[in-house]
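In the working numbering, the protein residues as written are 188 to 451.
Cβ atoms here follow ideal geometry from the backbone N, Cα and C, with glycine treated the same way.
These figures come from a predicted structure and were not determined experimentally.
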Ligand code: IP8
């Protein structure tokens, strides 16, 4: 078996997050496909929701734990439609670079319980990788055993699959240089943190907040805590700026680049 790498493409990079109706950022997507092209190991690409997921989730009550069932149910088709459209565009961009890709949407097989993954079959993902295909999956709306339906974040999927499939590398692409000690949009002198481990995690987590915009799934603090939970010796974990050309390529080659590394 080849080493497995999981790359999350942040929704704010592959879509114009504030655009309504949602729009895909084809310029970034085309460049990202070129950077992914030369990677030769097993590869799972996880998409964030961006404009396609978060706006529809927000307007159908997914940010509010008290939302009635009928409102949530009405949100399922538009969220699914938007995420399928986004996944198809990613698939098309990758295929254009000769990367043979299949999309496996979580809605079709994953269930949640109180918002947490309850059942996540990986058989088809494994089979696809073993047959040389690159797998695209994405944040999605999924049925929930206790509360109708809930949003499953791309970050949570990436972390879950890393642990379950014993990935060697997990790279989380965002629109900032990694973790900073303050919100860079509000404080331009926010400092970049190159490494998070058990020694500095409490201090860092107290400073990183949820992301702005219409994000219904938790932002940077949640990303960092989920990644710390799967940090192991010999596992490469990085949060990096996917809007800057060549950083993804450097990380895939395991070369030094600006990012925040997470270690045990
Ligand atoms: O952007 C959210 O995924 P995330 C997915 O990775 C939806 O948190 C459908 C809003």
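(message) Here's a check: name, in chain order, each residue in its chain whose Cβ is nearer than 6 Å to the Cβ of residue 421, leaving out the five neighbours to either side.
(response) Translated into the one-based positions of the chain shown, residue 421 becomes position 234. Nothing listed; no residue qualifies.
(request) Please state whether DSSP places residue 373 in a helix, a strand or coil. (result) The residue given as residue 373 occupies position 186 in the chain shown. DSSP, reduced to helix, strand and coil, places residue 373 outside both helices and strands of the structure shown, so it counts as coil.
(message) If you measure between the beta carbons of residue 230 and residue 194, is that distance less than 8 Å?
(response) Against the chain shown, residue 230 aligns to sequence position 43. Against the chain shown, residue 194 aligns to sequence position 7. Cβ distance < 8 Å, so residue 230 and residue 194 count as in contact.
(message) Is residue 338 near the ligand IP8 - that is, is its Cβ less than 7 Å away from at least one heavy atom of it?
(response) Taking the first residue of the chain shown as 1, we reach residue 338 at position 151. Under cutoff, so the answer is yes.
(message) Could you compute how far the alpha carbon of residue 243 sits from the alpha carbon of residue 266?
(response) The count along the chain shown starts at 1 and reaches residue 243 at position 56. The count along the chain shown starts at 1 and reaches residue 266 at position 79. Those two C-alpha atoms are separated by around 6 Å.
(message) Output needed for residue 263: all residues of its chain with C-beta closer than 7 Å, excluding positions within five of it in sequence on either side, in chain order.
(response) If you number the chain shown from 1, residue 263 lands on position 76. Hits under 7 Å: 328, 336.
(request) Would you mind stating whether residue 447 and residue 341 have Cβ atoms separated by less than 8 Å? (result) Position 260 of the chain shown holds residue 447. Position 154 of the chain shown holds residue 341. It is not a contact, given that the beta carbons lie outside the stated cut-off.
(message) Short of 6 Å in beta carbon distance, which residues of its chain neighbour residue 399, apart from the five on each side in sequence? Order them along the chain.
(response) In the chain shown, counting from the first residue as 1, residue 399 sits at position 212. Because the pLDDT at residue 399 is just 47, under 50, the model does not fix this residue reliably, and the point stays unresolved.
(request) Could I get the ranges of all uninterrupted alpha helix (DSSP H) runs contained in the segment 219 to 259, with 4 residues as the minimum, in chain order? (result) 237 to 246
(message) Just verifying my parser: in three-state terms, what is the DSSP assignment at residue 430?
(response) Here residue 430 refers to the residue found at position 243 of the chain shown. Of the three classes helix, strand and coil, the one that applies to residue 430 here is coil, per DSSP.
(request) Check whether the Cβ of residue 266 lies closer than 7 Å to any heavy atom of the ligand IP8, and answer yes or no. (result) The residue labelled residue 266 in the question sits at position 79 within the chain shown. It does: the Cβ of residue 266 is within 7 Å (strictly closer) of some heavy atom of the ligand IP8.
(request) Flag this pair as touching only if the segment 367 to 385 and the segment 214 to 223 have three or more C-beta atom pairs under 8 Å; answer yes or no. (result) no
(request) Quick one: measure Cβ to Cβ for residue 356 and residue 192, integer angstroms, because I've assumed they're closer than 8 Å. (result) Sequence index remark: in the chain shown, residue 356 carries index 169 (1-based). Sequence index remark: in the chain shown, residue 192 carries index 5 (1-based). Between residue 192 and residue 356 the Cβ distance is about 4 Å, and since that is below 8 Å, they are a contact.
(request) Whole angstroms is fine: what's the gap from residue 203's alpha carbon to residue 234's? (result) As a first step, residue 203 must be located in the chain shown, where it is residue number 16. As a first step, residue 234 must be located in the chain shown, where it is residue number 47. Whole-angstrom Cα-Cα distance: 14 Å.
(message) With a threshold of 7 Å (Cβ to nearest heavy atom), would residue 408 be considered close to the ligand IP8?
(response) Here residue 408 refers to the residue found at position 221 when the chain shown is read from its first residue. Between the ligand IP8 and residue 408, a heavy atom-to-CB distance of less than 7 Å is absent.
(request) May I have the straight-line CA-CA distance separating residue 198 from residue 284, to the nearest angstrom? (result) Residue numbering aside, residue 198 sits at position 11 when the chain shown is read from its first letter. Residue numbering aside, residue 284 sits at position 97 when the chain shown is read from its first letter. Roughly 21 Å separates the two Cα atoms.
(request) Could you pull the start and end residues of the alpha helix (DSSP H) that residue 314 belongs to? (result) Counting from one through the chain shown, the residue named residue 314 turns up at place 127. Residue 314 -> alpha helix (DSSP H) spans 310 to 317.
(message) What does the alpha-carbon distance come out to for the pair residue 298 and residue 338?
(response) Taking the chain shown and counting its residues from 1, one reaches residue 298 at position 111. Taking the chain shown and counting its residues from 1, one reaches residue 338 at position 151. Roughly 11 Å between the two C-alpha positions.
(request) Taking residue 384 as the reference, give the member of 325, 450, 189 with the closest Cα. (result) Taking the chain shown and counting its residues from 1, the one referred to as residue 384 is at position 197. The shortest Cα separation from residue 384 among 325, 450, 189 belongs to 450.
(request) Leaving out five residues on either side along the sequence, give the residues of the same chain with a beta carbon under 8 Å from the beta carbon of residue 443. (result) As a position in the chain shown, residue 443 is number 256, starting the count at 1. Same-chain partners within the cutoff: 437.
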